[in-house]
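What follows is a set of notes on a single structure, which appears directly below.
Protein chains: 2
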Amino acid sequence: VADAKQARRLTPDARRRHLLEVSLTLFARQGYSDTDLSDIAEAAGIRRTLLYHYFEGGKESLYVAVLQHAWADLASRMTIDPVRGPGLMPDNLRTYLDLIEAGDESAEVVRQSRRLDLASVKETTRTASRAIAQNMAINQLGMEDPPESVLSVFQAFMAFFEGLLEEWAHGALDRTQVEGVVAITLPAIAAAARDTGS
Amino acid sequence: VADAKQARRLTPDARRRHLLEVSLTLFARQGYSDTDLSDIAEAAGIRRTLLYHYFEGGKESLYVAVLQHAWADLASRMTIDPVRGPGLMPDNLRTYLDLIEAGDESAEVVRQSRRLDLASVKETTRTASRAIAQNMAINQLGMEDPPESVLSVFQAFMAFFEGLLEEWAHGALDRTQVEGVVAITLPAIAAAARDTGS
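Protein chains in written order, with the working numbering: chain A, 349 to 546; chain B, 349 to 546.
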């Protein structure tokens, strides 16, 4: 993240990106409720009113943009290949668990967002996680253009996976157990997903 | 639900139960944010200040009591039997899907509570859903006293199941597909749960 002095010299596009980065860091660290626009403006080295120029809807629309960015970031880290598909699962899983262990900001914002009761956030989550479900349909089933019902089952899998992560955070499961559970259950969930489409 | 006049003649225990019933109905219909203590007091036919006599923490503690009551209500509808266990799953599933289709208030409050970002609600959810995980461990694995990790995997299954229900609510899956997915995936999830405990 550039410091406040550098921020003043940015072009509009670079400024918008910089604002997203600064906001991602603050939301990841403090959560949605405890972060306000003044914090973000201060960290970005701009006036609070200028934030509304970039994000007209204020804090909520800034947050939605950050959340979309975070999901896209996570999706971009997946390896996707319709041929080697299912074999990639352990790698993709390991990558994601590594991100969480490293306190990755995108992973943290996505995790927290599950608990926010805002229609815009729910809508963003559903749309953005659909992209990951699509990647999973390619990898697990070799389906480039799956029916909606297939995507739905993979989205439900993501809720299952986050449930496992929450138990891991509580110390009730360890990382090896999380990996073992996914290795056993994902093939069955993929088979069930395929069945809904036939 | 008794009407306001009857409510005035209740014993303290019956009054508390009546307040929980009235609150369950209002929370199910309006959600947490849009329900306030005045609505509840009015529907119960008592003064608002008297509510604090029964629920000292006000709205949040009343809600937590309602949520515990709702979870217990859902758990009580499960058929549990360590011998016939896995064979009961289709019945238990059907019962729960019937409740949802009928707009059952307990099921509705539990569903909404997943989206509330309150520490007390999260804690209640984790504790209360643990009781259902325990029932699942008996039915699916014949385990009366399972290790924590087994319960954790069944709790993650519940998140998966609610993900399926959400997709059903969106019209992306139909009820038959939800039943089919659970029939295929639950045995694999139960096997994975058992593995974590060995």
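Don't be surprised by glycine CBs; every beta carbon is placed ideally from N, CA and C.
Nothing here was measured: the structure is a model prediction, and the numbers come from that model.
Alpha carbon to alpha carbon, what distance is there between I428(A) and L436(A)?
-> 8 Å
L466(A), DSSP secondary structure in three states | coil
According to DSSP, is D361(B) helix, strand or coil?
-> helix
Environment of S371(A) [buried if 16+ CB atoms lie within 10 Å] | buried
If you drop the 5 nearest sequence neighbours on each side, which residues of the same chain put their C-beta closer than 6 Å to that of I448(B)?
-> A455
Per DSSP, what kind of secondary structure is L521(A) in: helix, strand or coil?
-> coil
Partners in chain A for I480(B), counting only beta-carbon separations shorter than 9 Å = Correct list: empty, because the minimum Cβ distance to chain A is about 13 Å.
Rounded to a whole number of angstroms, what is the C-alpha to C-alpha distance between R463(A) and V526(A)?
-> 21 Å
C-alpha distance - L358(B) paired with F508(B), whole-angstrom precision = 42 Å
Taking DSSP as the reference, what is the three-state secondary structure of T472(B)?
-> helix
Apply the 10 Å Cβ neighbour rule to G332(B) and answer buried if 16 or more other Cβ atoms are within range, or exposed otherwise.
-> As displayed, chain B neither begins before 349 nor continues past 546, which places residue 332(B) out of reach and without an answer.
Helix, strand or coil for M548(B) per DSSP?
-> Outside the shown range of chain B, which is 349 to 546, sits residue 548(B), and nothing can be said about it.
If you scan the region 368-449 of chain B from start to end, which runs of the alpha helix (DSSP H) of 4 or more residues do you find wholly inside it?
-> 385-392, 396-402, 407-424 and 437-449
G433(B) to A418(B) span [Cα, whole Å] = 24 Å
Could you tell me the distance, in whole angstroms, from the CA atom of G379(A) to the CA atom of S477(B)?
-> 25 Å
Closer than 8 Å, CB to CB, is T383(A) near chain B or not?
-> no
Under three-state DSSP, which class holds G451(B)?
-> coil
Cα-Cα separation between D439(B) and M506(A), rounded to whole angstroms | 26 Å
Just tell me which of A536(A), M491(A) and V501(A) has its CA closest to the CA of D522(B).
-> V501(A)
Cut-off 6 Å between Cβ atoms - residues of its own chain near W516(A), not counting five sequence neighbours on either side = V526
CB K407(A) to CB D387(A), shorter than 8 Å?
-> no
Any idea if T533(A) is buried or exposed, counting beta-carbon neighbours within 10 angstroms, 16 or more meaning buried?
-> buried
Residues of the region 436-456 of chain A with a CB closer than 9 Å to any CB of chain B: list them in chain order, please.
-> none
Cα-Cα separation between V414(A) and D543(B), rounded to whole angstroms | 38 Å
Hey, how far is the Cα of Q416(B) from the Cα of L410(B)?
-> 10 Å
Residues of chain A with a CB under 8 Å from the CB of V458(B): which are they?
-> By Cβ distance, chain A contributes nothing, its closest Cβ being about 15 Å from V458(B), past 8 Å.
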